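Peer 1:
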Amino acid sequence: MPTILVVDDEREMRKLVELHLHQAGHHVLHADNGEVAIEIVQTSQVDLILLDVMMPGMSGFEVCKEIRIFSSVPIIFLTALDAKTDLVKGLKLGGDDYVIKPFTAIELMARINAIFRRAGIYTKTDQYKAGIIEHDLIGRQISVNHAKIQLTLKEYELLYIFMKHEGKVFSREQLLERIWGLDYEGGTRTVDTHIKTLRLKLGEQAAKYIETVWGIGYRFEVLE
């Protein structure tokens with residue numbers, strides 16, 4: 003089980019990222035500042051670091067520079083959109099990749115899995131199968147009865163969450179927050195609309211896996 007260190011001074015962001023990582027089966031360590039992060043890397047086995055750029059005290063860039071003196075552990079920067087132009091500096095200091103906030107769980111996990119594959123660390127999250135639906139996470143491809151189908155990004159993210167949490171009931175509000183983000187100004191109707199188009203693309207047999215739980219939301223379950 004790979005160990006990932008999450009370094010961010012914002013507690014809520016750490017909790018959100020840790021939730022995604024735990025759901026993917028990773029062991030998680032965390033630090034709320036650069037000094038603690040460096041100490042953890044020096045004393046513990048860490049396979050990857052998710053490192054916030056803008057932190058009080060030591061910035062993420064300074065932390066990366068210090069870690070590179072003694073470790074080649076992969077580092078993914080977490081950065082706000084307006085700091086994207088600074089990422090060239092971070093990559094030159096030894097960072098391996100970056101994710102721009104706000105990001106979705108599927109984008110974050112795709113970045114992590116790509117680095118793990120390059121490093122020869124493989125996870126169990128690359129392939130999913132539920133009934134007649136097959137999900138290739140590496141190729142970001144969905145197949146139904148071995149026939150590939152084309153989904154929009156939001157449809158893809160919905161199906162990804164459903165397949166990873168088969169049998170779990172999600173409210174419309176939970177799906178809206180996970181996929182569209184806290185800042186999305188639209189209502190929960192957009193969830194219903196995307197579920198409708200997703201069912202159409204999956205076809206009659208696979209569409210039945212997405213069950214409407216009246217008054218609450220949706221549940222994905224293979225009943226065959």
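According to the numbering used here, the sequence shown holds residues 3 to 226 in order. Beta carbons: idealized from backbone N, C-alpha and C, even for Gly. Remember, it's a predicted structure, so these values are computed and weren't measured experimentally.
Work out the CA separation of E159 and Y124 for me, nearest whole Å.
Peer 2: If you number the sequence shown from 1, residue 124 lands on position 122. If you number the sequence shown from 1, residue 159 lands on position 157. Note on Y124: pLDDT 49, under 50, position unreliable in the model; no value is reported.
Peer 1: Between which two residues does the alpha helix (DSSP H) containing A39 stretch?
Peer 2: On the sequence shown, position 37 is the one that residue 39 refers to. First-last of the alpha helix (DSSP H) with A39: G36 to T45.
Peer 1: Under a three-way DSSP split, which group does A82 fall into?
Peer 2: The residue given as residue 82 occupies position 80 in the sequence shown. Note: A82 maps to strand in three-state DSSP.
Peer 1: With a threshold of 7 Å on Cβ separation, who are the neighbours of D11 within its own chain once the five nearest residues in sequence on each side are excluded?
Peer 2: Counting from 1 along the sequence shown, the entry for residue 11 is found at position 9. So the list reads D34, N35, D54, M57 and P58, once near-sequence residues are dropped.
Peer 1: Kindly indicate the opening and closing residues of the alpha helix (DSSP H) around Y162.
Peer 2: The residue you call residue 162 lines up with position 160 of the sequence shown. L155 to K166 is the extent of the alpha helix (DSSP H) around Y162.
Peer 1: Write down the C-beta distance between I78 and Y100 rounded to the nearest angstrom, noting that I regard them as a contact closer than 8 Å.
Peer 2: Against the sequence shown, residue 78 aligns to sequence position 76. Against the sequence shown, residue 100 aligns to sequence position 98. About 6 Å separates the two Cβ atoms, so the contact holds.
Peer 1: Checking 7 Å against the spacing of the C-beta atoms, do R191 and G219 come in under that value?
Peer 2: Working through the sequence shown from its first residue, we reach residue 191 at position 189. Working through the sequence shown from its first residue, we reach residue 219 at position 217. It is not a contact, given that the beta carbons lie outside the stated cut-off.
Peer 1: When the distance is taken between beta carbons, is V30 closer than 7 Å to L21?
Peer 2: On the sequence shown, position 19 is the one that residue 21 refers to. On the sequence shown, position 28 is the one that residue 30 refers to. No; because the gap between Cβ atoms is not below 7 Å, this pair is not in contact.
Peer 1: Evaluate V215 with the Cβ neighbour count: other Cβ atoms within 10 Å of its Cβ, from every protein chain shown; 16 or more gives buried, anything less gives exposed.
Peer 2: Sequence index remark: in the sequence shown, residue 215 carries index 213 (1-based). Classification of V215: exposed, given that the 10 Å Cβ count is below 16.
Peer 1: For T106, is the classification buried or exposed, using 16 other Cβ atoms within 10 angstroms of its Cβ as the cut-off for buried?
Peer 2: Within the sequence shown, residue 106 is the residue found at index 104, counting from 1. With 16 or more Cβ atoms within 10 Å of its Cβ, T106 is classed as buried.
Peer 1: When you compare the CB positions of I6 and H32, do they come within less than 7 Å of one another, or not?
Peer 2: Numbered from its first residue, the sequence shown carries residue 6 at position 4. Numbered from its first residue, the sequence shown carries residue 32 at position 30. Cβ atoms of I6 and H32: not closer than 7 Å.
Peer 1: Among all the DSSP beta bridges, which residues are the ones paired with Q143?
Peer 2: Along the sequence shown, read from residue 1 onward, the residue named residue 143 stands at position 141. D138.
Peer 1: Who are the Cβ neighbours of A82 in its own chain at under 6 Å, not counting the five residues just before and after it?
Peer 2: The residue given as residue 82 occupies position 80 in the sequence shown. Result list for A82: K103, in chain order.
Peer 1: Any heavy atom of the ligand MN inside 6 Å of the beta-carbon of N35?
Peer 2: Looking at this structure, you won't find the ligand MN or any other ligand, since it has none at all.
Peer 1: Tell whether a beta-carbon distance below 7 Å holds between I212 and Y162.
Peer 2: Working through the sequence shown from its first residue, we reach residue 212 at position 210. Working through the sequence shown from its first residue, we reach residue 162 at position 160. No.
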